[in-house]
Ligand code: IMP
């Protein structure tokens, strides 16, 4: 079965590809010739995931899913949340985003946070949502070279390493996206 993952983010694509069973052939936006930066103008992760999945379903009429992820920091009342990609501005720079977050948390003892992923799936008709979260804390400084985005400053509960220090397989097992994809896979089993 062919399934489009509506993302231009190669890191995300690689993570998700490793989580899907062999009979699901994952296809990227680039593979279908879609170079559009699909606008994420929603106020929630659900809305943004849906916007991206709707765009592909409408323009390409193929089975597809999209994800949207936010980092929710307790001491900042859930910020950056749905604004995680543009926290430090429209450049969407991972380094600038992390620096801003570390600055905002300077001197704070409560550094608890969670990643939350929402997946929106268009299969035949209608849209199905799946959710995954992982609890952890924001470290004092960046550590690790793997992963992407905020990974160098997020340490999942029960681990001594940040996501950027863990091998991709270890991150996938416990991550927000890994959990949401697991639900997606279970759902697809009942439908295909
Ligand atoms: P989006 O889902 O691509 O819109 O991601 C929102 C923001 O969260 C971006 O800044 C991403 O780099 C970041 N992000 C998404 N997934 C992850 C992850 O698994 N680890 C670290 N940062 C992530």
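In this note's numbering, the protein residues as written are 944 to 1135.
Positions of the beta carbon are idealized from the N, C-alpha and C atoms, including for glycine.
On a predicted model such as this, the values are computed, not experimentally measured, just so you know.
- Bridge pairing for residue 1074: 1061 [DSSP].
- For residue 1073, the shortest separation between its Cβ and any heavy atom of ligand 1 does not lie below 7 Å.
- Selection 1006, 1133 and 1114 evaluated against residue 971 yields 1006 as nearest (Cα-Cα).
- Between the alpha carbons of residue 1058 and residue 1018 lies a distance of about 14 Å.
- The residues 1012, 1013, 1014, 1040, 1092 and 1093, in chain order, have a CB closer than 8 Å to that of residue 1027 in the same chain once the five nearest residues on each side in sequence are set aside.
- Within the same chain, 995 and 998 come within 6 Å of residue 981 by CB-CB distance, once the 5 residues on both sides are set aside.
- Positions of the alpha helix (DSSP H) runs, each at least 4 residues long and wholly inside the segment 994-1065, are given as 1037-1047 in order along the chain.
- Per DSSP, residue 962 is one residue of the alpha helix (DSSP H) stretching across 953-962.
- Per DSSP, reduced to three states, the secondary structure at residue 945 is strand.
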